[in-house]
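Protein chains in written order, with my numbering: chain G, 362 to 679; chain H, 347 to 786. No residue lacks a Cβ here, since even glycine has one placed at the ideal position from N, Cα and C. What follows is one structure encoded as structure tokens, with my remarks underneath.
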Amino acid sequence: MAKYILKRVVMAIITVLIVSCVTFLLMMSVPGSPFASEKALTPQQQATLDAKYGFDKPLPIQMVNYLKNALHGDLGESLKMQKGRPVAEIIADMFPISAKIGVIALAWAVVVGILLGCLAAYYRGKWVDSLLRVVCTLGISMPGFVVASFLLILFCSPVGPELLKSFELTAIFNPDLGAKAYFMPCFALGLYPMCYTARLTRSSMLDAINQEYIKTARAKGLKGGKIIFKHALRNALIPVITYLGPLVAFTLCGGFVVESVFSIPGLGRYLVQSITNRDYFVIMGTTIFLATFVVLMNLVVDIIYKLVDPRIDLTKGE
Amino acid sequence: MANRKKKPVIGSLQPDVDSMLDWNTLTNDDFAPASSEEKADFIQQRKSVSYWSDAWRRLRKNVVAMVALGVIVLLILFAFVGPMLVPYGYEQRNLGAENLYPHHYTLEEQEQYRQATSTLDPQEAVEQARAEAEAKGEKLTSREEALIRAKAKTGGEYAGMSEEEVYAALGIHSHPFGYSNEELERIANGEKVFPHVFGTDKLGRDIMVRTMYGTRVSMTIGLAAAFIVLIIGSLYGSISGYFGGKVDVVMQRIVDVIYSVPEVLVILLISTSMSPHITQFISDHQGNALAEFMRTIGPNLIAMFIAFGLLYWVSLSRIIRGQILQLKQQEYVTAARALGASGGRIIRRHLLPNCIGQIVVTTCLQIPSAIFLESFMSYLGVGVSAPLTSLGSMCRDALSGFTTYTYRLIIPAVIISVMILAFNLFGDGLRDALDPRLKK
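So, in structure tokens, the structure goes:
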């Protein structure tokens, strides 16, 4: 177990390193100086700026320096959007908003998804199952912005029904509204993971239901609900847990769109804006931060997976 | 003996067979050997059913998959044949036809509307009323005058009503398709004008044509990405699975690294950093066929293809590796190896054809996810670049005015959802047809 964890941690560190190096090299390969903006600089100014940001040194040294600084939490400064502000500070400022929406979305998606999956498996072949299958297939076929658009049309446009408009949801995110403000973004973000989880739970639940120990439980005279939640679900959840890692990544990236639609001042929207503005240090810092975050989450999920299911021996055969 | 009837014993479990002996009415002729013609009649030649026709037979029975296939064909027609039928271009700005709704009112109805809502200048209204009053020999009080003035100012009895409400109040229903007034006049003069079925946007561009082109972009990207994934994924997976050992370990570690990084992030990164290079390349190689091609589809799309090539083959390669790990234990592979076949030949001739079902299904399910991702990127503004359009960028453009021009948001959003849904359902059906064991 310890060996496995160690191995995974080393793997994660290597991944983060590779991602950081690739990001750095890709960003530095972009032709033109990051300072080439509105007005032309004199060679003198250019040299001063290059010296200030270390652009006058050879690329490998720049990279090592950048990574060294990054380890100390210094990801450089924003060059354009919020001139001179440290990228790490921007991230610390904006990530909590993104994280809050992501966590709410994930939470409802996983809980509702698992419940619906159990329901579909329990009523397999009945109308409940068919209905849920239609809903879930629809759900995984709608990109986040489409869901968000439909929500906006339903809740905020004159076309929508009066009943929904009476909730007075706003198209532009306003944290002062509390739960109301989070409803649409979290729903739009969570719909796809919810449907995916439901499908996954349904199929692994069907596997579990056909096992012998379920028959035993039924023979003992246990009730349907107890069998499903106490006996079958424990085993059915394992494949769902493996999916949690990619799910975190999906929610994070899906957040870009949702934040753009509802003008939420989160990190995803900021990253997209910095791409259109070509603010290289912000792009670099944010990408490395988000990639590290996802790799870490994957690591955590893998370890949880291992803890939950002692049957799987991942070290074997490697 | 045989003629003696046994007395039935009450409660006996033995069946009474005596009566059944009379059933046999066969004569000796019935036992004559069959002639050769009769024998020939019994041999039925059935065509052997190939793997694909077997799969097709199963697929045809799946109603959902067939409907999905029908929708896909319709969308392909819409995207690739549609623009030939509509006389507008996707960049063409139809002057005087800006911001048209997908419905219109005839010129007479518009005249009625104008008369109903036309308001006199407050001063004129008062003077008119005064003249009327004088003709009757009365005089207007200042209070009445003020009332008239106020009424004229607010726009008569239809004040505060939206255009649709006024039309509804007048009992006029709109007609489908958008026409500008100038086009309506041309129709009145006997000319034939193609309608703006979905209306036009704020620059006067026909939305239906733009939707067609957007669908075309999405479809092309989906198919091209699936193709790239197919090539790289099956090569990588089969090599890793077949050779095993150290090769496999190294190759799988690379897959692990790629797998744990969110693709969207990498694609954003690649398209940001590659676009300037590609733009540079295009301007350096004016007239070069490749550069011209790149310019048509735009640097962002190229970057997206590169990213697909770099990242998206991972899942397919994993599936194929798993399959090959199983298949390479089979006897026919050992036989081929014993006969001296090279690794490449075994992979090509023996292993890949045996996991063709998996390959087809995974590739097919790759199409919707590529379409999904393209629309995502275009929505964020880092996908297809103007003037070319895509369903994602159309949604993005429509978002700012969605309360007034809701249809502009609904149309591309519905089409993209239907497209992804159809591809998903068809892929599911294909999986059931090609590999019935997987069916749940």
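1) Please name the residues in the segment 409 to 437 of chain G whose beta-carbon is closer than 8 angstroms to at least one beta-carbon of chain H, in chain order.
2) Under DSSP, the alpha helix (DSSP H) around G/T409 begins and ends at which residues?
3) Can you tell which of G/V618, G/G437, G/Y553, G/S565 has the C-alpha that lies nearest to the C-alpha of G/I589?
4) Please confirm if G/I379 has its CB atom under 8 angstroms from at least one CB of chain H.
5) Taking 8 angstroms as the CB-CB limit, is H/F772 close to chain G?
6) Grab me the residues of G/T612's own chain with a C-beta within less than 7 angstroms of its C-beta, minus the 5 sequence neighbours each way, in chain order.
7) State the Cα-Cα distance for the pair G/F650 and G/I458, rounded to the nearest angstrom.
8) Just to confirm before moving on: does the CB-CB distance between G/Y631 and G/M455 stay below 8 angstroms?
9) Would you check if the segment 771 to 781 of chain H and the segment 407 to 422 of chain H touch, i.e. whether three or more CB-CB distances between them fall below 8 angstroms?
10) Would you mind sorting G/A453 into buried or exposed? The rule is 16 or more other CB atoms within 10 Å of its CB.
11) Going by the beta-carbon positions, is the gap between G/D680 and G/A449 smaller than 8 angstroms?
12) Alpha carbon to alpha carbon, what distance is there between H/T373 and H/Q360?
13) For G/K541 and G/C614, what's the separation of their Cα atoms in angstroms?
14) Which same chain residues, not among the five before or five after H/I585, have their C-beta less than 8 angstroms away from its C-beta?
15) Is it right to say H/R392 is buried, meaning 16 or more other beta carbons lie within 10 angstroms of its own, or is it exposed?
16) Would you verify that the beta carbon of G/C382 is, or is not, closer than 8 angstroms to some beta carbon of chain H?
17) May I ask you to check if the CB of H/F651 is nearer than 7 angstroms to at least one heavy atom of the ligand NAP?
18) Against chain H, does G/P504 count as a neighbour if the rule is that its beta carbon must be under 8 angstroms from one of theirs?
19) Could you please give me the residues that DSSP links to H/D552 through a beta bridge?
20) Contact criterion: CB-CB distance below 8 angstroms. Does H/S763 meet it with respect to chain G?
21) What did DSSP end up calling H/F772 once you bin it into helix, strand or coil?
22) Quick one: is G/V688 near chain H, going by C-beta distance under 8 angstroms?
23) Listed in chain order, which residues of the segment 695 to 729 of chain H have Cβ atoms closer than 8 angstroms to some Cβ of chain G?
24) Residues of chain H with a CB under 7 angstroms from the CB of G/L513: which are they?
25) What is the rounded straight-line gap between the Cα of H/Q438 and the Cα of H/N445?
26) Is the segment 521 to 532 of chain H in contact with the segment 395 to 411 of chain H, if contact means three or more CB pairs nearer than 8 angstroms?
27) Is H/D362 close to chain G, meaning its C-beta is less than 8 angstroms from at least one C-beta of that chain?
28) Please report the straight-line C-alpha distance between G/P522 and G/A532, rounded to a whole angstrom.
29) Kindly list, in the order they appear in chain H, the residues whose Cβ is closer than 7 angstroms to that of G/A569.
30) Quick check: H/E484 and H/V472, are their CB atoms within less than 8 angstroms of each other?
31) One question on the structure: do H/I648 and H/Q704 come within less than 8 angstroms of each other, judged by their Cβ atoms?
32) Could you work out which residue in G/S502, G/S510, G/G445, G/E438 is closest to H/L767 when comparing CA atoms only?
33) H/I616 touches chain G at which residues, Cβ-Cβ below 9 angstroms?
34) Could you tell me whether the Cβ of H/P608 comes closer than 8 angstroms to any Cβ of chain G?
35) In whole angstroms, give me the CA-to-CA distance for G/I475 and G/K587.
36) Helix, strand or coil: which one does DSSP assign to H/P608?
According to the structure shown:
1) Answer set for the segment 409 to 437 of chain G: empty.
2) As a position in the first sequence, residue 409 of chain G is number 48, starting the count at 1. Note, G/T409: alpha helix (DSSP H), 404 to 414.
3) One-based indexing of the first sequence puts residue 589 of chain G at position 228. When each option's Cα is compared against that of G/I589, the closest is G/S565.
4) Counting from one through the first sequence, the residue named residue 379 of chain G turns up at place 18. Taking Cβ atoms only, chain H reaches closer than 8 angstroms to G/I379, which makes this a yes.
5) Position 426 of the second sequence, counted from the first residue, corresponds to residue 772 of chain H. It does not; no Cβ of chain G falls within 8 angstroms.
6) As a working note, residue 612 of chain G is residue 251 in the first sequence. If we look at G/T612 and ignore the five residues flanking it on each side, its Cβ neighbours are G463, A466, L467, L550, P554.
7) As a working mapping, residue 650 of chain G is identified with position 289 in the first sequence. As a working mapping, residue 458 of chain G is identified with position 97 in the first sequence. Counting only the Cα atoms, G/I458 lies some 15 angstroms from G/F650.
8) The sequence position of residue 631 of chain G within the first sequence is 270, counting from 1. The sequence position of residue 455 of chain G within the first sequence is 94, counting from 1. Against a cut-off of 8 angstroms, the Cβ pair of G/M455 and G/Y631 comes out as a contact.
9) With the rule of 3 Cβ pairs closer than 8 angstroms, the segment 407 to 422 of chain H counts as touching the segment 771 to 781 of chain H.
10) As a working mapping, residue 453 of chain G is identified with position 92 in the first sequence. Answer is exposed; the Cβ neighbour count stays below 16.
11) Outside the shown range of chain G (362 to 679) lies residue 680 of chain G, about which nothing can therefore be said.
12) For the purposes of this step, residue 360 of chain H is taken as the residue at position 14 of the second sequence. For the purposes of this step, residue 373 of chain H is taken as the residue at position 27 of the second sequence. Computed Cα separation, rounded: 29 angstroms.
13) Locating residue 541 of chain G in the first sequence gives position 180, where the first residue counts as 1. Locating residue 614 of chain G in the first sequence gives position 253, where the first residue counts as 1. C-alpha separation (whole angstroms): 23 angstroms.
14) Residue 585 of chain H sits at position 239 when you count from the first residue of the second sequence. Excluding positions up to five away in sequence, the list reads V593, M597, I693.
15) By one-based count along the second sequence, residue 392 of chain H stands at place 46. When all chains shown are included, H/R392 counts as exposed.
16) Taking the first sequence and counting its residues from 1, the one referred to as residue 382 of chain G is at position 21. With 8 angstroms as the cut-off, G/C382 does not count as an interface residue toward chain H.
17) For the ligand NAP, the structure offers nothing, since it holds no ligand at all.
18) Counted from its first residue, the first sequence places residue 504 of chain G at position 143. Taking Cβ atoms only, chain H reaches closer than 8 angstroms to G/P504, which makes this a yes.
19) Along the second sequence, read from residue 1 onward, the residue named residue 552 of chain H stands at position 206. According to the DSSP secondary-structure assignment, H/D552 is paired through a beta bridge with H/T546.
20) Stepping through the second sequence from its first residue, residue 763 of chain H is reached at position 417. When Cβ-Cβ separations below 8 angstroms define contact, H/S763 makes contact with chain G.
21) Indexing the second sequence from 1 puts residue 772 of chain H at position 426. Here H/F772 sits in helix by DSSP.
22) For residue 688 of chain G there is no data in the structure shown, the boundaries of chain G being 362 and 679.
23) Here the close residues are P714, F718, S721, F722, Y725, L726, G727, V728.
24) Here the question's residue 513 of chain G lines up with position 152 in the first sequence. Chain-order list of chain H residues neighbouring G/L513: F748, by C-beta distance under 7 angstroms.
25) Your numbering for residue 438 of chain H matches position 92 in the second sequence. Your numbering for residue 445 of chain H matches position 99 in the second sequence. Each residue's Cα considered, the two are about 14 angstroms apart.
26) By the Cβ rule, the segment 521 to 532 of chain H does not count as touching the segment 395 to 411 of chain H, because fewer than three pairs are nearer than 8 angstroms.
27) Taking the first residue of the second sequence as position 1, residue 362 of chain H is located at position 16. Cβ-Cβ to chain G under 8 angstroms: no for H/D362.
28) As a first step, residue 522 of chain G is located in the first sequence; it is residue number 161 there, counting from the start. As a first step, residue 532 of chain G is located in the first sequence; it is residue number 171 there, counting from the start. For the pair G/P522 and G/A532, the Cα-to-Cα distance works out to about 16 angstroms.
29) On the first sequence, position 208 is the one that residue 569 of chain G refers to. For G/A569, no chain H residue has a C-beta closer than 7 angstroms to its own C-beta; the minimum C-beta separation is roughly 12 angstroms.
30) Taking the first residue of the second sequence as 1, we reach residue 484 of chain H at position 138. Taking the first residue of the second sequence as 1, we reach residue 472 of chain H at position 126. Taking 8 angstroms as the cut-off, the Cβ atoms of H/E484 and H/V472 do not count as close.
31) Locating residue 648 of chain H in the second sequence gives position 302, counting from the first residue. Locating residue 704 of chain H in the second sequence gives position 358, counting from the first residue. At the C-beta level, H/I648 and H/Q704 stay beyond 8 angstroms of one another.
32) Indexing the second sequence from 1 puts residue 767 of chain H at position 421. Comparing Cα positions, the closest option is G/S502.
33) Working through the second sequence from its first residue, we reach residue 616 of chain H at position 270. Chain G residues near H/I616: L387.
34) As a first step, residue 608 of chain H is located in the second sequence; it is residue number 262 there, counting from the start. Closer than 8 angstroms: yes.
35) Translated into the one-based positions of the first sequence, residue 475 of chain G becomes position 114. Translated into the one-based positions of the first sequence, residue 587 of chain G becomes position 226. Looking at the two C-alpha atoms, the distance is approximately 15 angstroms.
36) Along the second sequence, one-based indexing puts residue 608 of chain H at 262. Correct three-state label for H/P608: coil.
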